[in-house]
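One structure is given below, encoded as C-alpha cells.
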Amino acid sequence: MLSDYLNKVFHCDAMTLLKRLPAESIDAVISDWMYGTSQSRACLYDWGCDPAKGNAKKHWQYHQPLYEQCRRVVKPNGIIGIAQGAKFAYDGYFDTWFGGHRIWLLGRFVQVQFACHVWMVQTANQHPICFPNASGIIRQNRRALHELSQHHPCPKPTEEMHFMVTHLTKPGDIILDCCCGLGSTLVAAAQLGRRYIGCDKSRRYCQIAMNRLQPINMNGSTTGRLSIVDDCGVGGTAIQVPARHAQDMAFPHHT
Ligand SMILES: C[S@@+](CC[C@H](N)C(=O)[O-])C[C@H]1O[C@@H](n2cnc3c(N)ncnc32)[C@H](O)[C@@H]1O
C-alpha cells in the first residue's frame, strides 16, 4: 500500500523503489538526478563516480528507465521536476529526451559567483509547466549549504527546494525524490506540510537525510514513522534511529 511508503527514506536503488510504487499514485516527482556532466568532484559520491562522466548518452541510458518509471507513478495531472546539468540542457538533449517541458532557471549567489540551476518541469503527459510569477533568485543560507557540502558533492540548498515544492505542489501532496541525497527535497516537503518518499543508494546520505528530517517530524509538522528502510523491503527491517543516536551523528540538526 502507498501508505507504507509515506514519510520514509529508503536506502535502495531508485528503480527498486519506483517499481514497487503503484501507478498514478504520486502528486509530484521532484528529484535532483546526477548531473553527469564532468569528471570533477561533482560526480564523486560515497559509493563511487557517476558512471556518465560527461557522456550524455551514458547519462541518459542510466536515467531513462528511472524517468519512464517516474512517468508511470505520477498521477495524470501530476508533476515531474528534474534537475539537469546545464550542459545537457542546451545540447539539444532535453528536447529529444523529455519532449514537451519547461526549463526553469533558478539562480543563487555563491559567495561572489552566480550559479544557475536548471530544472526540467512537465506533467506526466509531458505538458510543460510555466514558471511561476515569482523571482527565480534564491536566497540561500550559505553556512547551512557549506555544512551539507562536507557530506555530499552536490547538495541542493533547502531554499531552492522550498521554491520548487511551493510552486509545484500544495499541502498534503505526496512528493517523491528517488535520488534524495542528503534530503533537501524531503526537508522542504516536510516543512511545507507535504508528504514525502525519499530514496538514495547511499546509506550514509539516507541517514543524514533522516537526521535532518527528525526534528521537523518531532515538531509535528509531518506525521508518520521516521525510518530508513533498507533494500526497500517495506515488510522488512525498518531501522528506527532514536533521537539520542541522531544527536550522536556528526551532522548538525539545522535544516
Ligand atoms: C545530485 S545528487 C542529489 C543531491 C540532493 N538533491 C541533495 O540535496 O543532497 C544525486 C543523488 O542520486 C543518488 N543516486 C544516483 N543513482 C541512484 C540510483 N540508481 N538510485 C538511488 N539513488 C541514486 C546519488 O547517491 C546522489 O546522492
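Here our numbering is used: the first residue of the sequence shown is 5, the next is one more, and so on.
Note that CB positions come from ideal geometry on N, CA and C, so glycine has one too.
All values reported here derive from a predicted model rather than from experimental measurement.
Inset, instruction - Leaving aside the five residues before and after Val-238 along the sequence, list all residues of the same chain whose C-beta is less than 8 Å from its C-beta, in chain order. - result: Note that Val-238 scores a pLDDT of 48, beneath 50, so its modelled location is shaky and nothing firm can be said.
Inset, instruction - Please work out which residues of its chain come closer than 6 Å, Cβ to Cβ, to Ala-192, disregarding the five sequence neighbours upstream and downstream, and give them in chain order. - result: Annotation for Ala-192: Thr-162, Met-165, His-166, Val-169 place their beta carbon closer than 6 Å to its own, counting only its chain and skipping 5 residues before and after.
Legend entry - Rounded separation between Leu-263 and Ser-153 - CA only: Since the first and last residues shown for the chain are 5 and 259, residue 263 lies out of range.
Legend entry - Whole alpha helix (DSSP H) elements within the region 103 to 163, 4-residue minimum: Restricted to the region 103 to 163, the alpha helix (DSSP H) segments that are unbroken, complete and at least 4 residues in length are 146 to 153, listed in chain order.
Legend entry - CB of Val-13 within 8 Å of CB of Gly-197, strictly: Taking 8 Å as the Cβ cut-off, Val-13 and Gly-197 do not qualify as a contacting pair.
Legend entry - Gly-185 CB to nearest heavy atom of ligand 1 below 7 Å: Gly-185 Cβ: within cutoff of ligand 1.
Legend entry - Minimum length 3: unbroken beta strand (DSSP E) runs contained in the region 23 to 60: Complete beta strand (DSSP E) runs here, min 3: 30 to 36.
Legend entry - Inter-stretch contact at 8 Å, needing at least 3 Cβ pairs: the region 18 to 35 / the region 214 to 221: A contact is defined here as three or more CB-CB pairs under 8 Å, and the region 18 to 35 fails this definition with respect to the region 214 to 221.
Legend entry - Proximity test, Thr-127 beta-carbon vs ligand 1 heavy atom, cut-off 7 Å: It does not: the Cβ of Thr-127 is nowhere closer than 7 Å to a heavy atom of ligand 1.
Legend entry - For Asp-181, three-class secondary structure by DSSP: When secondary structure is reduced to three states using DSSP, Asp-181 falls in the strand class.
Inset, instruction - Within 10 angstroms of the Cβ of Lys-61, are there 16 or more other Cβ atoms? Answer buried if so, exposed if not. - result: Answer is exposed; the Cβ neighbour count stays below 16.
Inset, instruction - Would you give the residue range spanned by the beta strand (DSSP E) that Lys-12 belongs to? - result: Here the beta strand (DSSP E) through Lys-12 covers 12 to 15.
Inset, instruction - Less than 8 Å between the CB atoms is what I'm expecting for Tyr-71 and His-156, so what's the real figure, rounded? - result: Not quite, the Cβ-Cβ distance comes to about 22 Å (not below 8 Å), so this is no contact.
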